[in-house]
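In our numbering, the protein residues as written are -5 to 353.
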């Protein structure tokens, strides 16, 4: 089932290349074992069999198998671990219905083509894995974190030919934003953007973002808003885990995505704004505009829309949430609910229903 119904072309990038077809590198994977049995007496073999038995509530999918926490393991020589040579996506589900999963997979496969990751699984297989994790979720709402690495190989920067890649997904509980924060907004601080200039790729190499978010946490802020340039020409790029919007005199603005991640929720917000009759601009947004905005907010898959109350400890002009933000929250909810209504829910799988993803 697709989440594209009613949102066709909503977030497609102009001129984006279609996903590549499978390269035929599929093969079956043996189950991961948690405890190697003693080669002489076989001690531990029964425990291995118990742990490998499917239970129907696994929260990991690894290279074609739904596995338990103890069965989820990849090589310590995986390039995603050694170099951050990998991509990731986060997909949200509501009432066991995935939201904008097609758009997330479009971006994933477009970026995989750009950085030449080996295609081990087709998007259809990965889509089934995502739905399988939703089916195994004890809660109807949550997130699926998807990783695609270049795979295991010698520790050298240039990858050797023939790597097969690793793909795994993890079902996560939804980190709900407390209601009081949505009502009163959050604090952010401005931090220089020290990431590499390929920030439009959703790579797992997030060290610069980790350091910026740590700096924000130590300052008592919720998020770090990144900027490039100096002085009056300093311009906002994005936040460490979200997109940034500002409102001035009822006009919505967000940084253009040249060299930045084309956020899926960001694009949905822009569509919701147009449908609600709110003027929206994608352009250069100066840091001074953020600091002097009437309203501002963050957007991301996990939190939807989160108002900003203060930038560098200085309150914004309007009470939080401001009138345009409130209007957008309602418009986004209508768009989301319409898309979910056209997306069939995934049937839950009980303890005895675990199965392998078809290859």
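Idealized CB from N, CA, C, for every residue including glycine.
{"Check": "At the level of alpha carbons, what is the spacing between residue 221 and residue 53?", "Outcome": "37 angstroms"}
{"Check": "Out of 218, 274 and 166, point me to the one whose CA is closest to residue 243's CA.", "Outcome": "274"}
{"Check": "Straight-line CA distance for residue 154 to residue 146?", "Outcome": "10 angstroms"}
{"Check": "Counting beta carbon pairs with one atom in the region 285 to 297 and one in the region 228 to 247, are three or more of them shorter than 8 angstroms?", "Outcome": "yes"}
{"Check": "Just confirm the distance between the C-beta atoms of residue 109 and residue 195, as a whole number of angstroms; I'd bet it's less than 8 angstroms.", "Outcome": "7 angstroms"}
{"Check": "When burial is assigned at 16 or more other CB atoms within 10 Å of the CB, is residue 79 buried or exposed?", "Outcome": "buried"}
{"Check": "So, helix, strand or coil for residue 323, using DSSP?", "Outcome": "helix"}
{"Check": "What do you get for residue 279, buried or exposed, if any count of 16 or more other CB atoms within 10 angstroms of its CB means buried?", "Outcome": "buried"}
{"Check": "Mapping the DSSP letters down to three states, classify residue 157 as helix, strand or coil.", "Outcome": "coil"}
{"Check": "For residue 203, which residues from the same chain have a beta carbon less than 6 angstroms from its beta carbon, with the 5 sequence-adjacent residues on both sides left out?", "Outcome": "234"}
{"Check": "If the criterion is Cβ atoms closer than 9 angstroms, does the pair residue 171 and residue 141 meet it?", "Outcome": "no"}
{"Check": "Just the Cα atoms here: how many angstroms apart are residue 255 and residue 102?", "Outcome": "12 angstroms"}
{"Check": "Do residue 334 and residue 91 come within 9 angstroms of each other at the CB atom, strictly closer than that value?", "Outcome": "yes"}
{"Check": "Distance, Cα to Cα, residue 157 vs residue 148?", "Outcome": "10 angstroms"}
{"Check": "Does DSSP put residue 363 in a helix, in a strand, or in coil?", "Outcome": "This structure gives no information on residue 363, because the portion of the chain shown stretches from -5 to 353."}
{"Check": "What did DSSP end up calling residue 62 once you bin it into helix, strand or coil?", "Outcome": "coil"}
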